[in-house]
Amino acid sequence: MRAYAIGDIHGQLGKLEHAHMLIQMDRELVADDEAPVVHIGDLVDRGPDARGVLDFLIRGQKAGKPWVVLKGNHDRMMAWFLEDTPRRDHRMRVEYEWLNPRIGGLETLASYGVNITADQSPEAIHAEACEKVPETHKIFMAGLASSYRMEDLFFCHAGIRPGVALEDQVEDDLCWIREEFYASDADHGALIIHGHTPVDVVTHYGNRLNTDTGAGFGRDLSAVVIEDGQVWLLSEQGRIRIPVTQG
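Shown next as structure tokens:
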């Protein structure tokens, strides 16, 4: 059993293309064109080319590539903002909304040519965004799955609620959970592969694997391969084994 995963992308098209190049290099070495590539979510926000990222992923899936694309909290914020009546994600901190400069929605809309200057009202930005974001992108973002299971691997953006069966997990947790998940050393019934909170390097905690290495903040976008219970980071020099962190 083999699966690939790519951490939080955050509008970094060049880094996403590089991650896929590393996966293709590994595929050629192991002669495997069928193993899925799971994108862990947070496709958009903060980076310069959210539109290009979505175009890339949509084209790949349309071409029949074995790509799974999951929903992150930033993706849900974008999808809800683009509804006829925009919705604010209820899991955000009360002082924030998607157009807050700290969140990254403005950079996403700028990649579509939306006027995001300070003199634009949220209502005007919403109206222009609904006009300029292609319908194919709206449908794609609204239809993203929030989890993917492959035997003893469970992929999601943020994590799972400990003590709840994997098949009963809810989207709010799969997109947003943090502390309760991180604090748990329980066996969840599968290795949970997630992102959501940046770490310096891909980290294997035994019951979970954090793949977010901070592409949204100018750092690396990591790609990993999981095979027969072991995990490797992919690099231009090949596979680098990721051990389980002790303590």
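Once you know that position 140 of the sequence shown is 210 in our numbering, the rest is easy, because the numbers rise by one and skip nothing.
A virtual CB, placed ideally from N, CA and C, is assigned to each residue, including glycine.
The structure displayed is predicted, hence computed values, not measured ones.
Contacting residues, own chain, Cβ-Cβ under 6 Å from residue i (five flanking each side not counted)
i, result
"L124", "H207"
"Q239", "I230"
"A256", "P232"
"G130", "W137"
Buried or exposed (CB count within 10 angstroms, at least 16 for buried), residue i
i, result
"G77", "buried"
"H160", "exposed"
"K85", "buried"
"V234", "exposed"
"M91", "exposed"
"I262", "buried"
"I310", "exposed"
Cα-Cα separation, residue i to residue j
i, j, result
"T281", "A199", "31 Å"
"R97", "W150", "36 Å"
"T283", "G308", "18 Å"
"R158", "L303", "36 Å"
"E153", "E205", "11 Å"
"K202", "Y182", "6 Å"
"E250", "A228", "11 Å"
Residue from the options whose Cα sits closest to the Cα of residue i
i, options, result
"I173", "R116, H90, V314, I310", "R116"
"E87", "K132, L279, L291", "L291"
Residues near residue i in its chain [Cβ-Cβ closer than 7 Å; skip 5 each side]
i, result
"D102", "R72"
"V271", "T283"
"K141", "G111, L214, A215, S216, H227, C245"
Cβ of residue i within 9 Å of any chain C Cβ
i, result
"N185", "No chain C is part of this structure, which consists of one protein chain only."
- Message: Give the list of continuous beta strand (DSSP E) stretches no shorter than 3 residues that lie fully inside the region 193-245.
- Response: Counting only runs of at least 3 residues, the region 193-245 fully encloses the following beta strand (DSSP E) elements, listed from N- to C-terminal order: 217-220, 223-226.
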